[in-house]
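Undergrad: Take this structure first; my questions come after.
Residue numbers (our numbering): 25 to 529.
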């Protein structure tokens, strides 16, 4: 790694970026270290495996581990892009901040608008599944209206904690993230010792048939949702002590932790719940089948049941433990969503892209309490359909409209709908981040930290990781748009409202 002179955060770039508006209460306090950054990002990234494993295996079948490996490589490229961009501009905003300094306010606004979509969905969906996993202790939490009530309580509690102070919230998330990571490691190790079977893994695959090549490509695309969330660290950079050192270290820890688990866990799961061929000739795995025949909604519960424990009392104990594990990491992911959406909106207000009230800080706690409150309420509003129809907000809306198969997507594929919509915003903002960091390095902008992997051609530095990352995330976004009509309609509908808001404001 090479180091160069530091560019002040918020300073105008080569193309005259406007500086942020002044704040009567000062800026966000720099109180966070590597553990807080790691725990927040791990909570966001690590939670995705609880639904991504079932979703991806429904398409990639026996090649699910390969799909996660390929998307993991793209994740590493994206992490390098975010590390270099964030150390150059350690301010709230993430990809939208990179776009502002590389291009202009319009591109920055479009990027931030996509980020808001991603973080709001992260907050609502993660909170919604907290009571579902805790339903192993009290069954009403699995059904409407208690699931939605529980989710709203989770969002309200975390919003209050974030207003009280992110440092206090960070202490909670560090403890929870470490407990969850340790449990996932234990589950992966036990699975490798008891369930892992390379012969089963080989027999799971019939190239071109199970899965088909088109389904495998779609599986790779969908597996990328398991790695979204790395932007959480960038959005907390303005509150980080010594971001030039802390940000790359935290990102490196997240990459190492998540990548290792996301390669091992699919190997264990496909060994325990292999691909089979039904009487109709269709190849499936219980990991990708909906209830009551499969575990698409809770693949880790299926993995636990596959251990065939020697005593009857051990299964409910382990199921309860995994239920708590899932609830814990989803709780952290909800918190990461609140942090992300509040910091992006705070950054947009700083640069006059949204009403200035959103950048107002609490007089004593120095937290963006207005943006936290506003978008936490938005997250709660998205949960209101679940008060009456249950399962998911999207499914609730479909039920209310009398739609059973909107745009050709059946109710059995709700995880696909939610995951794809989540990926729509994330892959778009990731792609813009790659282009922005590539362009800033190409034109010779100074940077305090340089990610490894670049090359020099005719005196110009080329960020090869950004090129590879863009091809991956941009391709994933294109596949999502081409193959998911419902998400395409919702995603573009959201993005089209952005310019209207921008012009009106």
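All residues carry an ideal CB built from backbone N, CA and C; glycine is no exception.
How many Å lie between residue 327 and residue 397 at the Cα?
TA: By one-based count along the chain shown, residue 327 stands at place 303. By one-based count along the chain shown, residue 397 stands at place 373. Cα to Cα, the separation comes out at about 38 Å.
Undergrad: Leaving out five residues on either side along the sequence, give the residues of the same chain with a beta carbon under 7 Å from the beta carbon of residue 322.
TA: Along the chain shown, one-based indexing puts residue 322 at 298. Taken in chain order, the list of residues that qualify is empty.
Undergrad: Return yes when the Cβ of residue 357 is within less than 8 Å of the Cβ of residue 67, no when it is not.
TA: To locate residue 67, count along the chain shown from 1; it is residue 43. To locate residue 357, count along the chain shown from 1; it is residue 333. Yes, Cβ-Cβ distance for residue 67 and residue 357 is below 8 Å.
Undergrad: Taking 8 Å as the cut-off, decide whether the C-beta atoms of residue 65 and residue 370 are in contact.
TA: Along the chain shown, one-based indexing puts residue 65 at 41. Along the chain shown, one-based indexing puts residue 370 at 346. Cβ distance not < 8 Å, so residue 65 and residue 370 don't count as in contact.
Undergrad: Span of the alpha helix (DSSP H) holding residue 269?
TA: On the chain shown, residue 269 is found 245 positions in, with the first residue counted as 1. Element bounds for residue 269: 267-296.
Undergrad: The alpha helix (DSSP H) with residue 249 in it runs from where to where?
TA: The residue you call residue 249 lines up with position 225 of the chain shown. Where residue 249 is concerned, there is no enclosing alpha helix (DSSP H), given that its DSSP letter is neither H nor E.
Undergrad: Name the one or two DSSP bridge partners that residue 485 has.
TA: One-based indexing of the chain shown puts residue 485 at position 461. BP columns for residue 485 point to 480.
Undergrad: Quick check on DSSP: helix, strand or coil for residue 188?
TA: Within the chain shown, numbered from 1, the residue matching residue 188 stands at position 164. If DSSP states are grouped into helix, strand and coil, residue 188 belongs with the helices.
Undergrad: Using a Cβ-Cβ cutoff of less than 8 Å, which residues in the same chain neighbour residue 494 once the five nearest sequence positions on both sides are dropped?
TA: For the purposes of this step, residue 494 is taken as the residue at position 470 of the chain shown. Here the set comprises 455, 458, 459, 462.
Undergrad: Since residue 144 and residue 448 are thought to touch, with beta carbons under 8 Å apart, how far apart are those beta carbons, to the nearest angstrom?
TA: Translated into the one-based positions of the chain shown, residue 144 becomes position 120. Translated into the one-based positions of the chain shown, residue 448 becomes position 424. About 12 Å separates the two Cβ atoms, so there is no contact after all.
Undergrad: For residue 377 and residue 350, I'd like the C-alpha separation in whole angstroms.
TA: Here residue 377 refers to the residue found at position 353 when the chain shown is read from its first residue. Here residue 350 refers to the residue found at position 326 when the chain shown is read from its first residue. Approximately 37 Å, taken between the alpha carbons.
Undergrad: Thinking C-alpha only, which one of 273, 75, 387 is nearest residue 104?
TA: The count along the chain shown starts at 1 and reaches residue 104 at position 80. Out of 273, 75, 387, 273 has the C-alpha closest to the C-alpha of residue 104.
Undergrad: Comparing C-alpha positions only, which one of 79, 452, 475, 512 sits nearest to residue 120?
TA: Counted from its first residue, the chain shown places residue 120 at position 96. Comparing Cα positions, the closest option is 452.
Undergrad: Please identify the residue among 363, 329, 372, 407 whose C-alpha is closest to the C-alpha of residue 311.
TA: Numbered from 1 along the chain shown, position 287 holds the residue referred to as residue 311. Selected option, being the one with the closest Cα: 329.
Undergrad: Rounded to whole angstroms, how far is the Cβ of residue 354 from the Cβ of residue 153, which I believe are closer than 8 Å?
TA: Here residue 354 corresponds to residue number 330 of the chain shown, with the count starting at 1. Here residue 153 corresponds to residue number 129 of the chain shown, with the count starting at 1. So it is a contact: roughly 5 Å between Cβ atoms.
Undergrad: Would you identify the three-state DSSP class for residue 562, choosing helix, strand or coil?
TA: As displayed, the chain neither begins before 25 nor continues past 529, which places residue 562 out of reach and without an answer.
Undergrad: Is the Cβ-Cβ distance between residue 268 and residue 96 less than 8 Å?
TA: Sequence index remark: in the chain shown, residue 268 carries index 244 (1-based). Sequence index remark: in the chain shown, residue 96 carries index 72 (1-based). No. Outside cutoff.
Undergrad: In whole angstroms, what is the alpha-carbon distance linking residue 175 and residue 107?
TA: As a working note, residue 175 is residue 151 in the chain shown. As a working note, residue 107 is residue 83 in the chain shown. Roughly 32 Å separates the two Cα atoms.
Undergrad: Would you mind stating whether residue 118 and residue 255 have Cβ atoms separated by less than 8 Å?
TA: Here residue 118 corresponds to residue number 94 of the chain shown, with the count starting at 1. Here residue 255 corresponds to residue number 231 of the chain shown, with the count starting at 1. Yes; because the gap between Cβ atoms is below 8 Å, this pair is in contact.
Undergrad: How would you call residue 151, buried or exposed, if buried means at least 16 neighbouring beta carbons within 10 angstroms?
TA: On the chain shown, residue 151 is found 127 positions in, with the first residue counted as 1. The residue in question, residue 151, is buried, as its Cβ has 16 or more Cβ neighbours within 10 Å.
Undergrad: So if DSSP puts residue 234 in a beta bridge, which residue, or which two residues, is it bridged to?
TA: By 1-based counting over the chain shown, the position of residue 234 is 210. 230.
Undergrad: Need the endpoints of the alpha helix (DSSP H) that residue 532 sits in, please.
TA: Limits of the chain in this structure are 25 at one end and 529 at the other, which puts residue 532 out of reach.
Undergrad: Taking 6 Å as the limit between beta carbons, can you name the residues of its chain near residue 431, skipping five residues before and five after?
TA: By one-based count along the chain shown, residue 431 stands at place 407. With a pLDDT of 37 at residue 431, under the threshold of 50, the modelled position of that residue is not reliable, and no figure is offered here.
Undergrad: Taking 8 Å as the cut-off, decide whether the C-beta atoms of residue 526 and residue 142 are in contact.
TA: The residue given as residue 526 occupies position 502 in the chain shown. The residue given as residue 142 occupies position 118 in the chain shown. No, the Cβ-Cβ distance between residue 526 and residue 142 is not below 8 Å.
Undergrad: Given residue 220, which residues of its chain have a CB within under 8 Å of its CB, disregarding the five upstream and five downstream residues?
TA: The residue labelled residue 220 in the question sits at position 196 within the chain shown. Result list for residue 220: 291, 292, 295, in chain order.
Undergrad: Give the secondary structure of residue 167 by DSSP, where H, G and I count as helix, E and B as strand, and everything else as coil.
TA: Against the chain shown, residue 167 aligns to sequence position 143. Coil at residue 167, not helix or strand.
Undergrad: Hey, quick one: how far does the alpha helix (DSSP H) through residue 380 stretch, first residue to last?
TA: Against the chain shown, residue 380 aligns to sequence position 356. Premise fails: residue 380 is in no alpha helix (DSSP H) and is neither H nor E.
Undergrad: Give every residue of the same chain whose Cβ lies closer than 7 Å to the Cβ of residue 531, excluding the five residues on either side of it in the sequence, and list them in chain order.
TA: It is not possible to answer for residue 531, since the shown part of the chain is limited to 25 through 529.
Undergrad: Which one of 111, 395, 80, 390 has the shortest CA to CA distance from residue 380?
TA: Position 356 of the chain shown holds residue 380. Closest option to residue 380, Cα to Cα, is 395.
Undergrad: Quick check: residue 472 and residue 111, are their CB atoms within less than 8 Å of each other?
TA: As a working mapping, residue 472 is identified with position 448 in the chain shown. As a working mapping, residue 111 is identified with position 87 in the chain shown. Contact flag set, yes.
Undergrad: Along the chain, where does the alpha helix (DSSP H) that runs through residue 372 open and close?
TA: Within the chain shown, residue 372 is the residue found at index 348, counting from 1. Where residue 372 is concerned, the enclosing alpha helix (DSSP H) stretches over 338-374.
Undergrad: State the DSSP-derived secondary structure class of residue 54, mapped to helix, strand or coil.
TA: The count along the chain shown starts at 1 and reaches residue 54 at position 30. DSSP places residue 54 in coil when its eight states are reduced to three.
Undergrad: Please state if the CB of residue 62 and the CB of residue 224 are separated by a distance shorter than 8 Å.
TA: The residue given as residue 224 occupies position 200 in the chain shown. The residue given as residue 62 occupies position 38 in the chain shown. Their beta carbons are not under 8 Å apart, which means residue 224 does not touch residue 62 by this criterion.
Undergrad: Could you tell me whether the stretch 476-493 touches the stretch 123-133, using the rule of 3 or more Cβ pairs below 8 Å?
TA: As far as the Cβ criterion goes, the stretch 476-493 does not touch the stretch 123-133, which means the pair count is below three.
Undergrad: Pick from 179, 235, 245, 271: whose alpha carbon is nearest that of residue 87?
TA: Position 63 of the chain shown holds residue 87. Taking only the C-alpha atoms, the option nearest residue 87 is 235.
Undergrad: What does the Cβ neighbour count give for residue 300, buried or exposed, with the cut at 16 atoms within 10 Å?
TA: The sequence position of residue 300 within the chain shown is 276, counting from 1. So residue 300 counts as exposed.
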